[in-house]
Amino acid sequence: MTQSHSHERRARERLLCDARFQKVVLHIQEGDFPVTAINYNCAGIGIFTSQHFPEFDAAEISFTFAGEDTINVPSLPCKVVYSQDTEVGDQYGLSFVSRQIPQSLRDTLMRIEDMVAAQSNLEDRYGLFSPDT
Amino acid sequence: MPKKLSELKVHVSELALGMRVIRLDRPWLETDFLMQGFVIQNQTEIDDLVRQCEHVYVEATEISKKTAHTGATGKAPERRTERKGLFARIPGKKPAPPSIARPAKAQKTVAQPLSTSRPISSQRIVHINKISTEKELGKARVTYTDAKQSVTSIMEGIRIGRALDMNQSRQAVNEIVDSIIRNKDALVWLTKIKRKDEYTAEHSLNVCVLTATFARYLGHSDDEIRQLALCALLHDVGKSKIPDEILNKEGRFTDEEFEIMKKHTTYGRDLLINIKDADRIAIDVAHAHHERMDGSGYPRGLKSHQIPYYAKVVALADCYDAITSTRCYDGARASMSALDIIYKCRGVQFDEELALEFIKCIGLFPPGAIVELSNGEVGIIISTRDENKLRPKILIVRNAAKQLCKERVVDLAANPELSEVKILREVPNGTYSVDIRVYLKKGLVIDTASMAGEQ
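Line order of the protein sequences matches chains F and Z. By the working numbering, the letter at position 61 of the first sequence is numbered 61, and the numbering carries on one by one without gaps. By the working numbering, the letter at position 434 of the second sequence is numbered 434, and the numbering carries on one by one without gaps.
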């Protein structure tokens, strides 16, 4: 199941995941796999892995957000909205299935997005292009 | 004056980790070693050599007395000399650039581990554009098309059993590098165009272009840029040994298919090692471009200090083009997705320092990228300045209502009245019906006066 799109479909900007995203684990039928969180908003998360996973449409993802308080996000149901397998690694865009997520957790996801946004440099995403860098 | 040697006879008691064993004192077939030539990675391999041989031949390199003395005084080795160590592994294969050539009497030949790092902060050559993007683009299109035909011909030739033509490869590389030295942006434009039916050849070419552009950015000499570009062009040559049904498969690879795909690194090494005039570092790059800093790469699981510097450079361009291409499918993901991955995987998958430099080189909005501005307009990045990558020159092609408009060039860095206008985001090719192929075909409509002084 591989999809690609020639049009931007994201309603919300994906923010670059920072070092506060920890212990990101993808749960699929074949097992639990640590992955790298790439970008995030309260509606979904982009992940990357050098492992080659079997094909999957649905999964759960869990992570720890180590902000001022440590937030443990339990297994969030998500569906694959984008995937690309390459020799350098596999890339997935996962959309959280909000109807299966309790409101309190949805609020937490929103709060995490706000905390990431607060420390994001929206103009200089990697902090490498400002005059003093 | 010591004689120049490409290999050095070493008693097995003198072997050390990192040395590349290229010959034994007896036929390989009479030993337990499966590989006919390898880099010593652990004590077990040394023990195996001690058990089966009295002496072996390892790759030699040259170190000037000056460098040796510098090391003895505890000062950091001079950067360009460190890079030379990599080039000089096979003397005579590639002449040293004038700036780093030194008299033979000042050289001695020693065996030492491969050079795997080239710190990038000192003695950069500053390359400036000699021609505007607008003027170079026409030539670049011809160069790109010709080079793609060459790469296709090379790959197809190998498939039918023809030997790899290094002259053809070098000729293609020279034209590409000549263009990039004249102007850093024009060929990068062309890498934005992805054709699903020509992925393998196009990918090799794009990695070559991106590597040469990166090498120019890093401040390598012209000769070094050419060598890096050649390594990049040939990095995936082993894919010509992968069955078509796997190589061109639409959809995900099975585990078995993925394992076969991974063999392209070893196939590439085997192909190049049998080419008489192949650059030795190209063999290393073909073999090691999927190795990772954390040791989890393939085929050998090398640690970061064992991965050749050139392979680390090519790996970044390889990743960037692979992620921005959608193999066998329509569309392409935005550059930012690839840069996000490189940024997040720095130090783990990619060399950390090089990864950050690569992101700086490409910039948030590379040439050919389609971007949406804060005033709602949509444009295509024409060119960037290294000193201000956030404020490039843009060809505006859609108005704030995302409708066709009269095309015009805006230079965000040069127009004070545009100081409030920012680039919101890059969008994939095809968004708002903007197709960069259309603009390439008809040529850029640029106010030439505004291009004056472009760097």
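Cβ atoms here follow ideal geometry from the backbone N, Cα and C, with glycine treated the same way.
For residue i, write down the residues that DSSP places opposite it in a beta bridge.
| i | result |
| --- | --- |
| residue 20(Z) | 39(Z) |
| residue 86(F) | 89(F) |
| residue 345(Z) | According to DSSP, which records beta bridges pairwise, residue 345(Z) is partnered with nothing at all. |
| residue 15(F) | 40(F) |
| residue 66(F) | 70(F) |
| residue 214(Z) | BP columns for residue 214(Z) are empty, so no partner. |
| residue 385(Z) | 388(Z) |
| residue 9(Z) | 57(Z) |
| residue 393(Z) | 383(Z), 411(Z) |
| residue 95(F) | 44(F), 79(F) |
Can you list, in chain order, the residues of its chain whose CB lies under 7 angstroms from that of residue i, leaving out five sequence neighbours each side?
| i | result |
| --- | --- |
| residue 50(F) | 89 |
| residue 195(Z) | 202 |
| residue 7(Z) | 22, 23, 57, 58, 59, 60 |
| residue 117(F) | 15 |
| residue 426(Z) | 334, 335, 336, 365, 369, 370, 371 |
| residue 342(Z) | 316, 319, 320, 350, 355, 358, 359 |
| residue 46(Z) | 15, 40 |
Between which residues of its own chain and residue i is the CB-CB distance below 6 angstroms, once the five residues before and five after are set aside?
| i | result |
| --- | --- |
| residue 96(Z) | With a pLDDT of 34 at residue 96(Z), under the threshold of 50, the modelled position of this residue cannot be trusted, and the question is left open. |
| residue 20(F) | 65, 66, 67 |
| residue 368(Z) | 189, 192, 436 |
| residue 205(Z) | 147, 148, 151 |
| residue 130(Z) | 182 |
| residue 290(Z) | 265, 297, 298 |
| residue 72(F) | 64 |
| residue 91(F) | 48, 84 |
| residue 41(Z) | none |
| residue 304(Z) | 293 |
| residue 391(Z) | 412, 413 |
| residue 11(Z) | 55 |
| residue 122(F) | none |
DSSP state of residue i, grouped into three classes?
| i | result |
| --- | --- |
| residue 245(Z) | helix |
| residue 234(Z) | coil |
| residue 51(F) | coil |
| residue 56(F) | coil |
| residue 141(Z) | helix |
| residue 411(Z) | strand |
| residue 80(F) | strand |
| residue 287(Z) | helix |
| residue 194(Z) | coil |
| residue 157(Z) | helix |
| residue 325(Z) | coil |
| residue 29(F) | coil |
| residue 254(Z) | coil |
| residue 37(F) | strand |
| residue 127(Z) | coil |
| residue 150(Z) | helix |
| residue 430(Z) | coil |
| residue 275(Z) | coil |
| residue 101(F) | coil |
| residue 372(Z) | strand |
| residue 350(Z) | strand |
| residue 363(Z) | coil |
For a quick check, are the C-beta atoms of residue i and residue j less than 9 angstroms apart?
| i | j | result |
| --- | --- | --- |
| residue 126(F) | residue 404(Z) | no |
| residue 43(F) | residue 104(F) | no |
| residue 428(Z) | residue 382(Z) | no |
| residue 45(F) | residue 16(F) | no |
| residue 345(Z) | residue 36(F) | yes |
| residue 432(Z) | residue 398(Z) | yes |
| residue 55(F) | residue 26(F) | no |
| residue 396(Z) | residue 407(Z) | yes |
| residue 177(Z) | residue 225(Z) | yes |
| residue 279(Z) | residue 316(Z) | no |
| residue 37(Z) | residue 124(Z) | no |
If I measure Cβ to Cβ from residue i and keep anything under 8 angstroms in the same chain, skipping five residues before and after, which residues do I get?
| i | result |
| --- | --- |
| residue 179(Z) | 136, 139, 140, 143, 186, 187 |
| residue 379(Z) | 370, 371, 373, 394, 395, 396, 397, 398, 410 |
| residue 460(Z) | Outside the modelled stretch of chain Z, which goes from 1 to 455, sits residue 460(Z), for which no answer is possible. |
| residue 94(Z) | At residue 94(Z), the pLDDT of 35 sits below 50, so the modelled position is not reliable and the matter cannot be decided from this model. |
| residue 376(Z) | 399, 400, 401, 402 |
| residue 168(Z) | 150, 153, 154 |
| residue 253(Z) | 246, 261 |
Does any residue of chain C have a CB that is nearer than 9 angstroms to the CB of residue i?
| i | result |
| --- | --- |
| residue 343(Z) | Note that chain C does not occur in the displayed structure, where the protein chains are F and Z. |
Using 8 angstroms as the cut-off, can you tell me whether the segment 303-320 of chain Z makes contact with the segment 225-234 of chain Z, which would need three or more C-beta pairs spanning the two stretches below that distance? Contact between the segment 303-320 of chain Z and the segment 225-234 of chain Z is present: 3 or more CB-CB pairs across the two stretches fall below 8 angstroms.
Evaluate the contact criterion for the segment 414-421 of chain Z versus the segment 357-367 of chain Z: three or more CB pairs, one atom per stretch, below 8 angstroms. Taking one beta carbon from each stretch, the segment 414-421 of chain Z and the segment 357-367 of chain Z have fewer than 3 pairs nearer than 8 angstroms; the two do not touch.
How do the segment 260-278 of chain Z and the segment 235-250 of chain Z stand: do at least 3 beta-carbon pairs fall below 8 angstroms, yes or no? Note that the segment 260-278 of chain Z touches the segment 235-250 of chain Z; at least 3 beta-carbon pairs, one per stretch, sit closer than 8 angstroms.
Assess, as a yes-or-no matter, whether the segment 71-81 of chain F is touched by the segment 14-33 of chain Z under the definition of 3 or more beta carbon pairs within less than 8 angstroms. Contact between the segment 14-33 of chain Z and the segment 71-81 of chain F is not established, with fewer than three Cβ pairs separated by less than 8 angstroms.
Is the segment 269-282 of chain Z touching the segment 157-175 of chain Z in the sense that three or more CB pairs, one from each, lie closer than 8 angstroms? With the cut-off at 8 angstroms, the segment 157-175 of chain Z and the segment 269-282 of chain Z touch.
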